[in-house]
Amino acid sequence: MTPDLELDCRGMLCPLPVIELGKRYAEVPVGGLVAVLADDVAARTDIAAWCRMRGQEYLGEDPEERYLVRRVSP
Amino acid sequence: MSRWGAGRQCNRLGSVRKAAAYRSGYMDSASSEPLHPAARETLMAAYERGYADPRRLHGPGRDARLLLDNARAVVAECLEVRPDEVTFTPSGTDAVHRGLLGLRPSGTTVAHSAVEHSAVVHAATWAGEAVEIPVSRIGRVDPGLGGVSGGVVAVQSANHEVGTLQPVEEIAARLDVPLFVDACASMGRLPLPRGWDALAGSAHKWGGPAGVGVLLVRKGARWRHPFPGDDRGDERAVGFENVPAALAAAAALRAVVTERDEVNPRQSALVDRIRAAAAEIPDVEVVGDPVERLPHLVTFSCLYVDGEALVTELDRRGYGVASGSACTASTLTPSRVLEAMGVLTHGNVRVSLTRDTTAEEVGGFVAVLPEVVRDLRAQVGL
Numbered sequence: 021m022t023p024d025l026e027l028d029c030r031g032m033l034c035p036l037p038v039i040e041l042g043k044r045y046a047e048v049p050v051g052g053l054v055a056v057l058a059d060d061v062a063a064r065t066d067i068a069a070w071c072r073m074r075g076q077e078y079l080g081e082d083p084e085e086r087y088l089v090r091r092v093s094p
Numbered sequence: 070m071s072r073w074g075a076g077r078q079c080n081r082l083g084s085v086r087k088a089a090a091y092r093s094g095y096m097d098s099a100s101s102e103p104l105h106p107a108a109r110e111t112l113m114a115a116y117e118r119g120y121a122d123p124r125r126l127h128g129p130g131r132d133a134r135l136l137l138d139n140a141r142a143v144v145a146e147c148l149e150v151r152p153d154e155v156t157f158t159p160s161g162t163d164a165v166h167r168g169l170l171g172l173r174p175s176g177t178t179v180a181h182s183a184v185e186h187s188a189v190v191h192a193a194t195w196a197g198e199a200v201e202i203p204v205s206r207i208g209r210v211d212p213g214l215g216g217v218s219g220g221v222v223a224v225q226s227a228n229h230e231v232g233t234l235q236p237v238e239e240i241a242a243r244l245d246v247p248l249f250v251d252a253c254a255s256m257g258r259l260p261l262p263r264g265w266d267a268l269a270g271s272a273h274k275w276g277g278p279a280g281v282g283v284l285l286v287r288k289g290a291r292w293r294h295p296f297p298g299d300d301r302g303d304e305r306a307v308g309f310e311n312v313p314a315a316l317a318a319a320a321a322l323r324a325v326v327t328e329r330d331e332v333n334p335r336q337s338a339l340v341d342r343i344r345a346a347a348a349e350i351p352d353v354e355v356v357g358d359p360v361e362r363l364p365h366l367v368t369f370s371c372l373y374v375d376g377e378a379l380v381t382e383l384d385r386r387g388y389g390v391a392s393g394s395a396c397t398a399s400t401l402t403p404s405r406v407l408e409a410m411g412v413l414t415h416g417n418v419r420v421s422l423t424r425d426t427t428a429e430e431v432g433g434f435v436a437v438l439p440e441v442v443r444d445l446r447a448q449v450g451l
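Quick note, the sequences are listed as chains A and B, same order. Positions in the first sequence are counted from 1; adding 20 to them yields my numbering. Positions in the second sequence are counted from 1; adding 69 to them yields my numbering.
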């Protein structure tokens with residue numbers, strides 16, 4: 021799967037990767053894919069939780085260790 | 070005069086008075102409840118009479134022994150156990166370590182819930198490989214343990230971070246290995262569940278002094294000293310007992326057990342108010358079981374907010390709360406409890422009421438909370 025937007029959040033501590041995602045996910049159209057590169061340990065839990073709270077779809081991690089999010093709502 | 074001279078000492082003691090001023094708005098009783106007035110009175114009186122070695126046969130020794138036996142008898146009565154099942158330990162953590170490891174048959178694995186206090190996790194991993202029992206989104210352990218097994222099972226009575234009560238009795242009914250229960254979060258506040266072989270509590274969490282843990286080992290349970298023993302009167306105890314503190318802890322426990330029919334519903338209603346107010350703030354998730362929970366504790370997480378900043382801002386406004394977010398932890402890793410539940414780990418706040426937290430304090434807290442969250446989000450452009 022090729023993401024429509026990749027956010028490089030390596031080196032950022034929580035909650036910065038999720039803030040970045042919250043600010044920029046709307047750059048992709050509904051149905052589009054966002055990939056988040058993050059090395060903060062909290063990102064694994066928090067990106068999935070963000071998707072649940074914001075009504076987006078969490079697809080898990082890809083082989084390149086990116087967290088994949090599908091925009092399914094505004 | 071050395072740099073540790075008298076002047077400096079006086080200044081340091083003076084800081085105690087300054088610290089004592091921060092009282093109203095303290096909502097972190099799950100870390101430590103202020104000393105119960107019943108404990109304070111008992112403590113001062115017990116220091117006069119309880120200094121000697123309870124094993125000695127002279128008068129002061131017999132006095133100390135009497136106070137220690139009284140403390141044990143009161144704790145046993147409050148917890149509805151036998152006095153010979155009660156041991157005082159130097160802390161709740163120590164009671165957890167001894168209780169759990171003493172039940173573990175040698176060479177076996179500890180199975181513990183994924184939301185146990187770090188004292189349980191440290192003990193389990195110290196003993197060797199440990200296995201985790203998964204929990205649901207509200208932090209509850211499956212009574213069937215999700216198919217996980219071990220030589221001994223450790224499950225808490227209630228979660229210390231989110232308040233969810235665990236189905237200890239249902240677990241015990243299905244279990245054919247020893248069960249250790251960490252009851253530090255609920256002891257005194259709620260009756261103990263049945264079915265355990267060993268159980269631990271911590272006095273400063275119910276309004277007793279710090280430095281007193283309670284270890285209960287069920288009569289007939291296969292429990293062996295996991296660490297070096299000692300020659301105290303109680304075969305499970307180690308070290309010179311803090312007799313005055315044990316007696317004060319017992320006095321506080323009796324007061325808390327007596328008062329809980331009045332205190333619990335009052336605290337629970339205040340917690341409901343905080344839960345409702347937090348849930349109204351956009352992108353805030355209140356976690357843990359809303360009903361089957363500790364009466365005095367609530368946890369919520371605020372999206373896009375830094376936990377440390379949240380705690381600092383609330384402190385500036387006079388509210389002392391805890392947080393399970395990574396940036397507020399000594400380890401720089403987020404709370405294992407929140408992680409295991411799969412809920413947001415950043416922007417986390419744990420509010421735990423003291424026995425005399427008022428409706429006005431809670432009202433003040435819920436009034437400032439939305440604005441604090443809004444301001445912190447505005448700072449990051451959200």
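Heads up, the beta-carbon is just placed ideally off N, CA and C, and yes, glycines get one too.
- Membership of V418 (chain B) in the beta strand (DSSP E) is indicated by the continuous run N417 to S421.
- From the beta-carbon of V412 (chain B), the residues of chain A found nearer than 7 Å are A69.
- 8 Å or more divides the Cβ of A279 (chain B) from the Cβ of S394 (chain B).
- In terms of beta-carbon proximity, P94 (chain A) stays away from the interface with chain B, with every pair separated by 8 Å or more.
- A residue is called buried once 16 or more other Cβ atoms fall within 10 Å of its Cβ, and T111 (chain B) is buried on that count.
- In this structure, I207 (chain B) lies away from V217 (chain B), with their beta-carbon atoms at least 8 Å apart.
- Within the model, the alpha-carbon separation for L316 (chain B) versus R118 (chain B) is close to 11 Å.
- With a contact defined as Cβ atoms closer than 8 Å, V412 (chain B) and E354 (chain B) qualify at about 6 Å.
- Closest by C-alpha distance to E198 (chain B), out of B:D163, B:A180 and B:A133, is B:A180.
- In the DSSP assignment, F434 (chain B) falls within the unbroken alpha helix (DSSP H) covering A428 to Q448.
- Under the three-state reduction of DSSP, V390 (chain B) is assigned to coil, being neither helix nor strand.
- Near chain B, meaning a CB-to-CB distance below 9 Å, the residues of the stretch 35-64 of chain A are P35, L36, V38, I39, G42, K43, D60, V61, A62 and R64.
- Under the three-state reduction of DSSP, Q225 (chain B) is assigned to strand.
- Neighbours of D66 (chain A) in chain B, taken as residues at a C-beta separation under 7 Å, are given in chain order as L413, T414 and H415.
- Pairing L284 (chain B) with A267 (chain B) gives a Cβ-Cβ distance under 8 Å.
- Residue B:A318 holds the alpha-carbon nearest to the alpha-carbon of L148 (chain B) among B:A318, B:G302, B:D358 and B:G298.
- Looking only at B:P351, B:P364 and B:K274, the smallest Cα-Cα distance to L438 (chain B) is reached by B:P351.
- The C-beta of V143 (chain B) comes no closer than 8 Å to any C-beta of chain A.
- A direct Cα-to-Cα measurement between P159 (chain B) and A436 (chain B) gives close to 40 Å.
- Here I67 (chain A) carries a helix assignment [DSSP, helix/strand/coil].
- From the beta-carbon of P334 (chain B), no residue of chain A is found nearer than 9 Å; the closest lies around 31 Å away.
- For the stretch 299-310 of chain B, the set of positions with a beta-carbon nearer than 7 Å to some beta-carbon of chain A is empty.
- In terms of Cα proximity to R64 (chain A), the closest of B:M410, B:G357, B:L234 and B:V286 is B:M410.
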